[in-house]
Amino acid sequence: MNKMNTITVIGSINLDRTIRVKQMPKPGETMHTKEIFSAGGGKGANQAVAAKRAEAKTNFIGAVGNDEAGEMMLELLKEEGIGLAGVETLEKQATGQAYIIVDDQGENSITIHSGANNTFTPEHVEEYKELIEASDFVIAQFESTLESTIKAFKIARKANVKTILNPAPALEKVPTELLEVTDMIVPNETETEILTGIKVTDEASLKEAADQLHQLGIEAVIITIGSKGAFYDVAGHSGIVPAFKVHAVDTTAAGDTFIGALSSVLKNDFSNLAEAIKFGNQASSLTVQRFGAQPSIPYKNELV
1 MNKMNTITVI GSINLDRTIR VKQMPKPGET MHTKEIFSAG GGKGANQAVA AKRAEAKTNF
61 IGAVGNDEAG EMMLELLKEE GIGLAGVETL EKQATGQAYI IVDDQGENSI TIHSGANNTF
121 TPEHVEEYKE LIEASDFVIA QFESTLESTI KAFKIARKAN VKTILNPAPA LEKVPTELLE
181 VTDMIVPNET ETEILTGIKV TDEASLKEAA DQLHQLGIEA VIITIGSKGA FYDVAGHSGI
241 VPAFKVHAVD TTAAGDTFIG ALSSVLKNDF SNLAEAIKFG NQASSLTVQR FGAQPSIPYK
301 NELV
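Following the UniProt record's numbering, the numbering of the sequence shown begins with 1 at its first residue and continues without gaps.
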């Protein structure tokens, strides 16, 4: 039995409001919805839920607003058993919210209001540095303040805790200061091209992009390649771990599930990376067969 990993996620907490439609509305078009529902979301919160459901001990550093959406999200995350000591309730901010349209092909389009996610500070992170220091991995994305993420990663690096960066949603310019304290990076094909300038078309271009990311001092690279699976490159080993073939109905939270599940079984020295990716692929293959972000994330007992 592997020891249970301790994961601290720093990042976004959103209430997702999902609208299901037959096809995407065109500009100026009005159409009826098939269904409308609210659920827990935010890349950070999704990754934390995925890690926790895969049975990792999970903590969160972030913020919500003092509003109904914030109460709802804290309640949902508490029910998951995620440690919320590091989540601040901010008086003058709205809780992050995402408005998601999903069509019958399983494609989605998403509009996000960041709110409280973009206003918690590096000082707030510093207050909870014990959470970071007691972790095996710290995970971050780009839906909250970069300064706070940099602070968390610097604390982690000092304490010999491995950092995992999911550079999504894509940023034109990622601060070098952040990349220098990143141990593992998990971009998709689009994010890879933005980070490296290399268009991913085949295994050779994947390898070239990974080499460029290694040159920034990043030890492990995983590039997710949609329904094909994930390419990895670490310590001179690289390859593609194929995805599970399933019928996708909603791809929301698939990437977040992959990262959360993977981190729950990953060894600190990345020696079992291919195996951990396979576990992440299996988890996300269940997520895409269900609707919603957090409601679709599987539990460990579904993955054995």
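C-beta atoms are modelled at their ideal positions from N, C-alpha and C, and glycine is treated no differently.
Owing to the predicted nature of the structure, the values given are computational and were not obtained by experimental measurement.
Where residue i sits in the DSSP three-state scheme
i      : result
Gln53  : In the sequence under discussion, the amino acid at residue 53 is Arg, which differs from the Gln named in the question. DSSP places Arg53 in helix when its eight states are reduced to three.
Gln282 : helix
Ala220 : strand
Thr89  : strand
His124 : helix
Val288 : coil
Phe244 : coil
Ala253 : coil
Thr163 : strand
Glu115 : Inspection of the sequence shows that residue 115 is occupied by Gly rather than by Glu. In this structure, Gly115 counts as helix in the three-state DSSP scheme.
Thr8   : strand
Met1   : Note that Met1 scores a pLDDT of 44, beneath 50, so its modelled location is shaky; the value from the coordinates is reported in the next line. Three-state result, Met1: coil.
Ile19  : strand
Short Cβ contact (8 Å threshold) for residue i with residue j
i           : j      : result
Ala274      : Val241 : yes
Ala170      : Ile194 : yes
Glu75       : Phe120 : no
Gln141      : Ser264 : no
Arg53       : Lys245 : no
Thr8        : Asn59  : yes
Lys116      : Ala98  : With the sequence shown as reference, residue 116 is identified as Ala, and Lys is not the correct amino acid for it. Not in contact: Ala116 and Ala98 (Cβ atoms no closer than 8 Å).
residue 310 : Ile225 : Any property of residue 310 remains undetermined from this structure, which presents the chain solely from 1 to 304.
Gly86       : Ile110 : no
Asn5        : Phe153 : no
Arg157      : Val181 : yes
Residue i: first and last residue of the uninterrupted beta strand (DSSP E) it sits in
i      : result
Thr30  : Neither: Thr30 is in no beta strand (DSSP E) and is coded neither H nor E.
Phe137 : 137-140
Other residues of its chain near residue i: CB distance less than 6 Å, five sequence neighbours each side excluded
i      : result
Glu133 : Ala159
Val49  : Glu80, Gln294, Ile297
Ile36  : Ile19
Ala63  : Glu88, Leu90, Ala116, Phe120
Limits of the unbroken alpha helix (DSSP H) element including residue i
i      : result
Thr149 : 146-158
Glu133 : 129-133
Ala98  : Where Ala98 is concerned, there is no enclosing alpha helix (DSSP H), although the beta strand (DSSP E) it sits in stretches over 96-102.
Cβ shell of residue i (< 7 Å), same chain only, five flanking positions each side left out
i      : result
Glu91  : Asn66
Ile277 : Ile222, Ala230, Tyr232, Val241, Leu262
Lys78  : Leu84
Lys3   : none
Met72  : Leu15
Rounded Cβ spacing between residue i and residue j (contact assumed at less than 8 Å)
i           : j      : result
residue 359 : Ile164 : There is no way to answer for residue 359, as the model of the chain reaches only from 1 to 304.
Ile10       : Ser148 : 7 Å
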